[in-house]
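**Student:** Handing you this structure, nothing more for now.
Residue numbers (my numbering): 1 to 311.
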């Protein structure tokens with residue numbers, strides 16, 4: 001897929017109906033030869049729309065007007081390029097816990113959670129948040145995570161978590177204002193509810209910081225997993241992470257996680273793990289596949305706002 005095609009795809013499948021600003025920007029960049037030339041000079045992983053838009057926002061640039069966005073990005077390209085090369089789309093969306101919860105609550109309790117690609121670790125607190133599936137509410141506290149769930153009997157309670165740890169190439173610190181400002185920049189412009197959710201989830205994590213380890217998902221996973229308490233069910237999980245991992249390393253990770261004790265929960269785009277025989281997704285919007293130990297269970301939207309359980 002060319003860079004232009006990637007921006008068209010992002011606007012059509014991810015931003016449409018979700019972020020008008022990013023839908024307009026994606027279409028504009030897809031036809032902006034000068035910007036495309038600059039982007040094509042970067043490694044493929046650094047050309048992605050969400051990363052570019054977030055970097056420009058973080059640097060104070062406009063994202064609501066494509067022409068102003070073009071002018072700012074071209075004028076400040078050295079600074080934009082430097083941030084693109086050093087930062088990553090570490091969207092730490094606590095709302096994703098709403099699609100993980102039905103699986104986590106059904107596993108043998110208590111749990112030892114280990115998140116791969118943890119960012120600041122906000123998805124390591126599924127037991128501390130509240131959830132609303134239609135009229136059914138689970139748990140207490142803030143934030144309250146809303147999820148439109150089809151074909152699912154919502155869990156009766158949140159899981160019991162006795163250990164939580166995260167592995168990331170560049171873990172973020174919710175007590176560091178600079179790291180939190182980057183997490184904020186990754187939230188799409190119109191999503192005030194996600195911004196409020198970030199603040200509430202960051203407060204939960206800051207009050208009881210998780211164990212976050214800087215490391216590689218293959219080389220450093222076994223040692224971190226070995227630190228989990230033996231009397232808890234180890235759950236290695238990840239959501240919208242593996243697409244950033246080159247296929248050979250992705251395959252090595254899948255082999256490795258299959259050899260670890262406990263369970264593996266994946267929430268990734270369908271092509272990332274190559275599942276066979278999936279039912280059609282409920283809409284043409286981008287959906288992840290929620291899977292337990294390699295078995296697909298449901299379609300899930302990227303920010304945890306909806307899920308459709310397989311029949």
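Just so it is clear, CB atoms sit at the ideal spot from N, CA and C, and this is done for glycine as well.
Smallest Cα separation from residue 201: which of 145, 154 and 6?
**Tutor:** 145
**Student:** Is the CB-CB distance between residue 64 and residue 119 below 8 Å?
**Tutor:** no
**Student:** Would you kindly check if the distance between the Cβ of residue 161 and the Cβ of residue 209 is under 8 Å?
**Tutor:** The Cβ-Cβ distance between residue 209 and residue 161 does not fall below 8 Å.
**Student:** I'd like the list of long-range same chain contacts for residue 39, defined as Cβ closer than 6 Å, with 5 residues on each side in sequence excluded.
**Tutor:** Cβ within range, chain order: 3 and 47.
**Student:** Sort 207, 203, 36 and 238 by Cα distance to residue 104 and report the nearest one.
**Tutor:** 238
**Student:** Kindly indicate which residue of 310, 57, 102 and 291 has the alpha-carbon position closest to the one of residue 156.
**Tutor:** 102
**Student:** Just to confirm my understanding: we take residue 62, look at its own chain, exclude 5 residues before and 5 after, and list those with CB closer than 7 Å. What are they?
**Tutor:** 68, 69 and 72
**Student:** Residues in the same chain with beta-carbon distance under 6 Å from residue 290, minus the five sequence neighbours each way, listed in chain order, please.
**Tutor:** 99, 267, 297, 298 and 300
**Student:** Does the pairing of the stretch 177–192 with the stretch 51–60 give three or more beta-carbon distances under 8 Å?
**Tutor:** yes
**Student:** Do you know how far the Cα of residue 177 is from the Cα of residue 195?
**Tutor:** Taking the CA atoms as reference points, residue 195 sits about 15 Å from residue 177.
**Student:** Could you tell me which residues DSSP puts in a beta bridge with residue 307?
**Tutor:** 149 and 300
**Student:** Three-state secondary structure (DSSP) at residue 295?
**Tutor:** Reduced to three states, the DSSP call for residue 295 is strand.
**Student:** How about residue 197 and residue 143: do their beta carbons lie closer than 8 Å?
**Tutor:** yes
**Student:** For residue 288, list the residues DSSP reports as bridge partners.
**Tutor:** For residue 288, which the question treats as bridged, DSSP gives the partners 300.
**Student:** Going by DSSP, what residues sit across from residue 50 in a beta bridge?
**Tutor:** According to DSSP, residue 50 bridges with nothing at all.
**Student:** On the criterion of 16 or more Cβ atoms from any shown chain inside 10 Å, does residue 34 qualify as buried, or is it exposed?
**Tutor:** exposed
**Student:** Can you tell me which of 174, 278 and 236 puts its alpha carbon nearest to the alpha carbon of residue 92?
**Tutor:** 174
**Student:** Who are the near neighbours of residue 81 in its chain, counting only those whose CB is closer than 8 Å to its CB and skipping five residues on each side?
**Tutor:** 38 and 42
**Student:** Tell whether a beta-carbon distance below 8 Å holds between residue 166 and residue 124.
**Tutor:** yes
**Student:** Between residue 249 and residue 217, what straight-line distance do the alpha-carbon atoms span, to the nearest angstrom?
**Tutor:** 9 Å
**Student:** With 16 as the cutoff for other CB atoms within 10 Å, does residue 284 come out buried or exposed?
**Tutor:** exposed
**Student:** Can you check the stretch 127–208 for any beta strand (DSSP E) of at least 3 residues that lies completely inside it and give the ranges in chain order?
**Tutor:** 130–133, 136–138, 144–146, 148–150 and 161–168
**Student:** Whose CA, out of 280, 83 and 19, lies closest to the CA of residue 193?
**Tutor:** Among 280, 83 and 19, the Cα nearest to that of residue 193 belongs to 19.
**Student:** In three-state terms, what does DSSP make of residue 94?
**Tutor:** helix
**Student:** Looking at the secondary structure, which residues open and close the alpha helix (DSSP H) in which residue 253 lies?
**Tutor:** 247–259
**Student:** Which whole-angstrom value is the C-beta distance of residue 84 and residue 52, which I expect to be below 8 Å?
**Tutor:** 7 Å
**Student:** Give the single residue among 242, 199, 7 and 280 whose Cα lies nearest to the Cα of residue 179.
**Tutor:** Scanning 242, 199, 7 and 280 for the CA closest to the CA of residue 179 turns up 199.
**Student:** Apart from the five residues just before and just after residue 12, which ones in its own chain have a Cβ nearer than 7 Å to its Cβ?
**Tutor:** none
**Student:** Would residue 112 pass as a contact of residue 163 if the rule is Cβ separation under 8 Å?
**Tutor:** Yes, the Cβ-Cβ distance between residue 112 and residue 163 is below 8 Å.
**Student:** Between the Cα of residue 44 and the Cα atoms of 66, 15 and 1, which residue gives the shortest distance?
**Tutor:** 1
**Student:** With DSSP run on the structure shown, which of helix, strand or coil describes residue 31?
**Tutor:** coil
**Student:** Let me know if residue 310 comes out buried or exposed under the rule of 16 or more other beta-carbons within 10 Å of its beta-carbon.
**Tutor:** exposed
**Student:** Tell me whether residue 213 sits in a helix, a strand or coil according to DSSP, three-state version.
**Tutor:** strand
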